[in-house]
Amino acid sequence: MKTTVPLIIAFLAGLAMVLSFFSGPGVPVVRDISAEFLIWSSIIGGFSFLLGVVSITRVNWRKVAARQHGWGYNLVTVISVFVMGLPALIPAGWLPEGMTSLAGRNAGSVYDWLFVNIMTPMSQTMFAILAFYIASAAYRAFRTRSTEATLLLLTASLVMLWRVPMGEALLNTITPALPDFINTYIMNGVNLSVQRGIIIGAALGAATMSLRIILGIERTYMGKG
Amino acid sequence: MNLWQQLDKLDRRWVFLLVWIAAVIPLIVPATFKISISPEGKSLFEAVDRLPDSSTVILTFDIWPNALAETEPMERAALHHLFRKNMYVITVANIPLGGPSVAERVTRELAAQYGKTYGVDYVNLGYKPGYVSVLRGMGTSIEGIFPTDNSGTPLSELPLMQRVKNYEQVDFIFVVADNATVDYWVSIVNAQFRKPVGAGVTAVMAPKQFAYVGSGQLVGLLGGMKGAAEYEKLVGKSGLATTGMGMQSLVHFLLIALIVVGNVGYIVTRQVARTRERKVKA
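Protein chains in written order, with the numbering used here: chain A, 373 to 597; chain B, 109 to 390.
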């Protein structure tokens with residue numbers, strides 16, 4: 373029973389999606405059933421956030437309670453989750469008059485203030501630091517060790533020059549045809565064909581996995597191999 | 109230890125310092141550059157420009173806050189174009205942290221500049237989890253997936269959403285994304301609902317999207333800050349991306365210079381080692 377029911381649900385849900393795709397708008401019953409499944413899927417997705425909050429709280433709180441090494445960071449994590457999340461979820465009506473705009477996610481709310489002044493600068497700082505590490509890594513690791521590595525190095529350097537105005541001006545001084553050459557033969561030639569191969573391969577893999585789930589061959593989502 | 113060996117073992121903090129200098133100089137001495145327009149950027153602009161005035165466009169904010177330097181200028185330039193053509197704009201986010209808040213801030217700011225009214229000319233649907241279900245579900249009923257907008261107002265109370273029920277009433281999808289959702293806008297909304305899709309993505313994502321432009325599944329493409337600067341130029345509204353071109357140019361030049369120096373050092377050091385080996389053998 374514990375295995376059969378999930379398998380039947382997965383089969384019916386998958387079948388509804390496939391039928392709705394091929395039947396188009398012509399069969400309203402199939403369309404309505406698939407629409408219902410999609411709404412349910414979105415609702416289930418929402419619950420995964422709740423699961424995430426419970427999980428992050430449990431894992432970090434356990435370390436705080438046990439005063440494990442670095443427990444202060446865990447405490448900050450737990451506090452941050454609730455300080456950021458609760459004001460966004462509290463209904464405005466729960467707050468005293470004059471403070472209702474602090475609830476929710478609109479401009480002027482606590483959530484928005486934290487997002488604009490803490491979350492965004494911190495995320496952007498982390499991302500910007502990548503530029504420093506990439507520069508250091510490029511200096512040390514991007515070497516002409518083989519023919520393939522040399523080709524990659526030359527192509528990457530050309531594309532890097534082509535993607536900035538100063539670089540493009542430099543390429544134009546060599547020959548005005550060079551920027552067009554990069555766009556036509558590197559980006560829309562070699563790159564495009566390789567990307568297509570990767571996309572088709574990934575799509576075939578996804579289709580195979582979907583079929584395995586619909587037919588009940590793939591059961592890892594039930595915790596079984 | 110000779111010069112090349114010393115360079116080979118250069119402390120990484122010197123590299124960090126050089127990158128910092130390259131990033132700061134354009135802030136102190138701003139310079140303007142001639143921005144060329146790529147065929148993909150031009151094609152996206154023209155696709156939007158060809159839409160009749162008062163068309164309905166979905167503009168996505170599938171973005172995290174860390175890549176805002178690349179994506180926010182695209183959103184701003186796109187909104188300038190859309191509002192200038194009096195289009196009805198529906199914004200939606202498939203990313204929980206970032207998209208809805210940025211959409212709220214940027215859209216309201218630009219809507220005020222063009223005298224647009226919320227609910228009538230533009231709507232922010234906000235975020236719902238599960239982008240595959242969301243994208244598929246919106247094809248049947250937007251209200252089914254988003255019963256309320258980002259502020260909690262029921263869609264039935266918003267004049268724009270009383271008219272727009274699903275993709276049938278939408279004329280164009282302008283995707284701005286820094287993650288894989290653009291693939292789903294292509295494979296679900298373009299492939300299954302036949303809606304034209306154009307995209308603005310981060311520089312690291314752009315190479316993959318060339319495959320969709322080549323197949324006609326994307327009508328055009330903006331790649332990274334350069335793509336954003338191209339759209340800013342096309343709509344005639346210079347912004348952060350155009351300013352950022354100086355910084356990006358210098359850092360790219362520095363990276364190439366570092367790669368060249370690193371390789372010269374590598375080749376010389378290898379040559380010296382080989383010569384020494386030969387001498388030892390002899």
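From the three backbone atoms N, C-alpha and C, an ideal C-beta is built for every residue, glycine too.
Quick one: what's residue i bridged to in DSSP?
i        : result
Phe280/B : Val165/B
Ile375/B : Ile375/B pairs with nothing; no bridge assigned.
Tyr196/B : Thr164/B
Ala285/B : Asp170/B, Val309/B
Pro262/B : Thr256/B
Leu329/B : Ala307/B
Asn232/B : Thr199/B
Thr226/B : It should be noted that the sequence gives Tyr, not Thr, for residue 226/B. In the DSSP output, where bridge partners are listed per residue, Tyr226/B has Tyr230/B.
Residue i touches chain A at which residues, Cβ-Cβ below 8 angstroms?
i        : result
Trp172/B : Ser495
Pro208/B : Arg477
Phe169/B : What Phe169/B touches in chain A: nothing, since even the nearest Cβ is about 13 angstroms away.
Pro315/B : Met559, Asn563, Gln567
Gly252/B : Ala407, Leu410, Ile411
Leu218/B : Per Cβ cutoff of 8 angstroms: no residues; Leu218/B is ~14 angstroms from chain A at best.
Do residue i and residue j have their CB atoms nearer than 7 angstroms?
i        : j        : result
Pro181/B : Ala349/B : yes
Thr395/B : Asn232/B : Shown here, chain B extends from 109 to 390; a query on residue 395/B therefore has no answer.
Phe301/B : Val165/B : no
Leu467/A : Ala475/A : yes
Tyr230/B : Ala219/B : yes
Ser357/B : Val536/A : yes
Glu338/B : Gly207/B : no
Met491/A : Pro173/B : yes
Ser508/A : Arg120/B : yes
Val453/A : Asn446/A : no
Ser392/A : Ser406/A : yes
Ala131/B : Leu362/B : no
Gln113/B : Thr383/B : no
Val240/B : Tyr320/B : no
Leu410/A : Arg158/B : no
Leu598/A : Leu550/A : In the structure as shown, chain A begins at 373 and stops at 597. Residue 598/A is therefore absent and cannot be evaluated.
Leu379/A : Gly539/A : no
Pro463/A : Val482/A : no
Ile585/A : Ala382/A : yes
Val448/A : Trp433/A : no
Leu126/B : Gly373/B : no
So residue i contacts chain B; which residues on that side make the cut at Cβ distance below 7 angstroms?
i        : result
Phe393/A : Gln300
Which whole-angstrom value describes the C-beta separation of residue i and residue j, a residue pair presumed to lie in contact below a C-beta threshold of 8 angstroms?
i        : j        : result
Pro134/B : Met355/B : 4 angstroms
Tyr505/A : Ile367/B : The Cβ separation is near 15 angstroms, so there is no contact.
Thr289/B : Glu178/B : Going by Cβ atoms, the distance from Thr289/B to Glu178/B rounds to 15 angstroms, so no, they are not a contact pair.
Met246/B : Asn274/B : 6 angstroms
Leu342/B : Phe153/B : 4 angstroms
Phe514/A : Gly370/B : 7 angstroms
Ala155/B : Gly328/B : 6 angstroms
Asn563/A : Pro315/B : 5 angstroms
Ala479/A : Glu212/B : 6 angstroms
Phe318/B : Asn560/A : 6 angstroms
Gly418/A : Pro237/B : 5 angstroms
Ile171/B : Val197/B : Wrong, their Cβ atoms sit about 16 angstroms apart, outside the cutoff.
Gly227/B : Leu268/B : 6 angstroms
Using the beta-carbon of each residue, which ones in chain A are nearer than 7 angstroms to residue i?
i        : result
Gln356/B : Val536
Arg244/B : Leu410
Met353/B : Val536, Pro537
Phe318/B : Met559, Asn560, Asn563, Leu564, Gln567
Name the chain B residues that come within less than 9 angstroms of residue i, Cβ to Cβ?
i        : result
Thr580/A : Result: empty, since nearest Cβ-Cβ is about 16 angstroms, beyond 9 angstroms.
Arg430/A : Simply none; closest approach about 21 angstroms.
Arg591/A : The contacting residues do not exist; Arg591/A stays about 21 angstroms from chain B at best.
Thr492/A : Pro173, Asn174, Leu176, Gly206, Ser209, Val210
Under 9 angstroms between beta-carbons, which chain A residues line up against residue i? List them in chain order, please.
i        : result
His189/B : Per Cβ cutoff of 9 angstroms: no residues; His189/B is ~22 angstroms from chain A at best.
Tyr374/B : Arg515, Thr516, Arg517
Residue i versus chain B: which residues are under 8 angstroms apart at the beta carbon?
i        : result
Arg584/A : Under the 8 angstroms cutoff, chain B gives no residues; its nearest Cβ is about 18 angstroms from Arg584/A.
Ser508/A : Arg120, Val123, Phe124
Ile546/A : Under the 8 angstroms cutoff, chain B gives no residues; its nearest Cβ is about 14 angstroms from Ile546/A.
Next item on the list: Write down every uninterrupted run of the alpha helix (DSSP H) in the segment 515–583 of chain A whose length is 4 residues or greater and which is fully enclosed by it, in chain order.
Entry: Residue ranges of uninterrupted alpha helix (DSSP H) with 4 or more members, entirely inside the segment 515–583 of chain A and ordered along the chain, are 519–534, 537–546, 549–553.
Item checked: Complete runs of the alpha helix (DSSP H) confined to the segment 339–374 of chain B [at least 4 residues] -> Along the segment 339–374 of chain B, the alpha helix (DSSP H) does not occur as any fully enclosed run of 4 or more residues.
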